[in-house]
Each structure stands twice: as C-alpha cells, then as structure tokens.
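Here is the structure we will look at.
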Amino acid sequence: MAEFYGHSIALAFYLAASMQEAIDDVYGLGLRPDPPAMHARFLGWLSLARRPRRSPRL
C-alpha cells in the first residue's frame, strides 16, 4: 500500500491485473478458480482501505 499511497485507482488496477494472472495460473494447472475467494483475496479488502478512519468518541 505504501507504494500506491495516494493512487488508489492505480492500486485497484494493479490488484485486478494480479487477480487475472492468478486466475490464468489456476486454469493453467487444470483447475477451476473460485471467483468469490479470488475477489476477496485480491480486491475485497480494497474498499476497507479507502474508508476514512473514525475518530474516537469523547
């Protein structure tokens, strides 16, 4: 994340491309990918990283 700090769209594209490579690798092994698991692993956490931090209640 440090490498892409301030460039969340570029990070999303990079992670999506990495997910596609992983899917291709799974097919190359003669297996079938699990799309929900792949999404969770590569992209699912991305929206959480973009949320603003909550300030503590006083």
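Numbering (the working numbering), first residue to last: 1 to 58. Just so it is clear, CB atoms sit at the ideal spot from N, CA and C, and this is done for glycine as well.
Cα-Cα separation between residue i and residue j, rounded to whole angstroms
| i | j | result |
| --- | --- | --- |
| A10 | G30 | 31 angstroms |
| F4 | S47 | 14 angstroms |
| Q20 | P35 | 11 angstroms |
| S18 | A40 | 13 angstroms |
Residue range of the alpha helix (DSSP H) that includes residue i
| i | result |
| --- | --- |
| H39 | P35 to H39 |
| E21 | S8 to G28 |
Cβ-Cβ distance between residue i and residue j below 8 angstroms
| i | j | result |
| --- | --- | --- |
| M38 | A16 | no |
Chain-order list of residues whose beta-carbon lies under 8 angstroms from that of residue i (same chain, five-residue window excluded)
| i | result |
| --- | --- |
| P33 | A22, I23, V26 and Y27 |
| A12 | L43 and L46 |
| Y14 | F4 |
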